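Asker: Counting in UniProt numbering, the sequence shown runs from 1 upward without gaps. Please see the structure below; I have some questions.
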Amino acid sequence: NNNSDSNANNNIIDINGPTILFKNLNESLEKLIESLIKNDRENQIFIEDTLDRKIDTLLNNSKKLESYFVSLQNKYSEEKNKIQLKQELIKVKREIENKDRLIEKYKYKVKEWKSHFEPLYQSQNHILHSSAQGLSGVENQFSPVFTPMPSTPSILSNLSQPKPSPSLGFGSTIL
1 NNNSDSNANN NIIDINGPTI LFKNLNESLE KLIESLIKND RENQIFIEDT LDRKIDTLLN
61 NSKKLESYFV SLQNKYSEEK NKIQLKQELI KVKREIENKD RLIEKYKYKV KEWKSHFEPL
121 YQSQNHILHS SAQGLSGVEN QFSPVFTPMP STPSILSNLS QPKPSPSLGF GSTIL
């Protein structure tokens, strides 16, 4: 790959390159046309040799021009690929940042919801459990039954670890 890069660098011509190549190509064409016009019988052999050289020069100039455009195309293609890769990386980075912000936002929401609903649930559960004990002597098919607190999924549990509250103390509930 380094070898092809160095070859491409050797073929790269400065910004005036196309102008010079077109000029050389034009001069070769002019000389070829002049030689064709001078169609002199005495110099037929000389003209044929000259024509061959002019045609070879013309072909070489056109190959140089083609090589220049190919190297230019490769250069821009590589730059385009780099730009596309950078744009994709920026897009992925933004998506990650947005997801991180959502995680932060909902981490605090989960803590807030848990601190709000857990005491209510425990209070209701206590009331239901107390009334079930009070009715235990009476046969009642509709009597409330003790319902355990549902377990919080581990990710929510990790996100919503209780922190000591200065006003209520650790583990306090609002009743």
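We treat Cβ as the ideally placed atom computed from N, Cα and C, and that holds for glycine. Model, not experiment: these values are computed from the prediction.
Answer yes or no: do Leu32 and Leu65 have a C-beta to C-beta separation smaller than 8 Å?
Answerer: Contact: no.
Asker: Which residue wins for smallest C-alpha separation from Thr50, given the options Pro18, Leu36, Ser62 and Asn61?
Answerer: Residue Leu36 is the option with its Cα nearest to Thr50.
Asker: Classify Ser123 as buried or exposed, calling it buried when 16 or more other Cβ atoms lie within 10 Å of its own Cβ.
Answerer: Exposed, since its Cβ has fewer than 16 Cβ neighbours within 10 Å.
Asker: So, for Glu78: in the same chain, excluding its five sequence neighbours on each side, which residues have a beta-carbon less than 8 Å away from its beta-carbon?
Answerer: Same-chain partners within the cutoff: there are none.
Asker: How about Leu25 and Ser67: do their beta carbons lie closer than 8 Å?
Answerer: Cβ distance not < 8 Å, so Leu25 and Ser67 don't count as in contact.
Asker: For Ser130, count neighbouring C-beta atoms within 10 Å of its own C-beta (all shown protein chains included) and say buried if the count is 16 or more, exposed if not.
Answerer: Burial call: exposed.
Asker: I need the straight-line Cα distance from Lys105 to Glu95, nearest angstrom please.
Answerer: Distance between the alpha carbons of Lys105 and Glu95 is about 15 Å.
Asker: Give the list of continuous beta strand (DSSP E) stretches no shorter than 3 residues that lie fully inside the region 19-74.
Answerer: DSSP runs (the beta strand (DSSP E)) wholly in the region 19-74: none.
Asker: Check whether the Cβ atoms of Lys54 and Ser71 sit closer than 8 Å, and answer yes or no.
Answerer: No, they are not a contact pair.
Asker: Could you have a look at Asn98 and say whether DSSP puts it in helix, strand or coil?
Answerer: Here Asn98 sits in helix by DSSP.
Asker: Skipping 5 residues on each side, what residues in its chain have a beta carbon closer than 8 Å to that of Leu21?
Answerer: So the list reads Ile13, Asn61, Lys64, Leu65 and Tyr68, once near-sequence residues are dropped.
Asker: From Val92 to Asn98, what distance separates their C-alpha atoms?
Answerer: So the alpha carbons of these two residues sit roughly 10 Å apart.
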